[in-house]
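Taking our numbering, the leading residue of the sequence shown gets 1293, the next gets one more, and so forth.
Glycine included, C-beta positions come from ideal geometry on N, C-alpha and C.
This report concerns only the one structure given below.
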Amino acid sequence: MNLSGVFDLTARTVLLVEGESDRAAIEALASRWALPLGAHAVQVVPMGGVTNVGHHLTALAAHPVPVRVGGLYDSAEERVVLKALERAGRRVPGDTTPLSALGFFGCERDLEDELVRALGVDGCLEVIAAQGALRSFERLRRQPAQQGWTVPQVLHRFLGSGSGRKERYARLFTEAIPQGRVPEPLDGVLRWALRDEPPPPLPFETEATSL
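As structure tokens, then:
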């Protein structure tokens, strides 16, 4: 895999994510915190799938200056990330340190699922309606293939269909998430990336940390 030119030479922290929707969500949350990533030498790099994490870690080893590397992954793919970090010399085999301590945060299913649960079904439908796409969602929901599905399942299918839809709604859902309900993996990876910056105001804490 040729990754020439992928990494910003001014970056000091690189976040590796599976796709463009993950990047959109991270950038949207950073915007909510009024901490633009570029101004803080943080680059979010979509890999085109978690199986490419090893290639990206290898390429980063040749970066002109040392960089901190973290990212998001789906929990089902944790072993892939573990092995890639070990091969890249960023984790000792057999180490029981949580991946979050190394800057990698796992989503329970995937980031879209995290966002849907954080925003809630009604909140998601409000965002979709505001985009004028509620009729499209309802058409999908009525199709025979979706009969018997829960609304969250249909939402997940809706987000995955249509060019650019997953990326667009990742940003919109992140912008609309109520105070105190930012998904922990999303909150965690951004706090890790911006660890030298002052924490965001209390309204943007996760549900877990605000209890």
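Its chain contains Ile1420, Phe1450 as the residues whose beta carbon lies nearer than 6 Å to that of Phe1429, once the 5 sequence neighbours on both sides are disregarded; these appear in chain order.
For Leu1295, the closest C-alpha among the options His1332, Pro1436, Ala1317, His1347 is that of His1347.
For Gly1340, the closest of His1332, Asp1314, Leu1417 by C-alpha to C-alpha distance is Asp1314.
The three-state reading of DSSP puts Thr1350 in helix, counting H, G and I together. Counting other Cβ atoms within 10 Å of its Cβ, Arg1401 stays below 16 and is therefore classed as exposed.
When Thr1343, Ala1317, Phe1396 are compared, the shortest CA-CA separation from Arg1360 is found for Phe1396.
The residue among Thr1343, Glu1467, Val1306 with its C-alpha nearest the C-alpha of Leu1394 is Val1306. Three or more beta-carbon pairs drawn from the stretch 1465 to 1475 and the stretch 1411 to 1427 are found closer than 8 Å, and the two stretches are therefore classed as touching. The shortest C-alpha to C-alpha distance from Thr1388 to any of Glu1404, Pro1338, Arg1371 is the one to Arg1371. Secondary structure in the stretch 1390 to 1425: the beta strand (DSSP E) runs of 3 residues or longer, each lying completely within the stretch, are 1396 to 1399 in chain order. Put simply, the stretch 1350 to 1368 touches the stretch 1476 to 1488. At least three CB pairs are less than 8 Å apart. Across the set Ser1392, Gly1440, Ala1422, the C-alpha of Ser1392 shows the shortest separation from the C-alpha of Glu1476.
The C-beta distance from Lys1458 to Glu1404 rounds to 7 Å, short enough to meet the 8 Å contact threshold. If you draw a straight line from the Cα of Leu1432 to the Cα of Lys1375, it comes to about 39 Å. The C-alpha of Leu1349 lies about 39 Å from the C-alpha of Gln1438.
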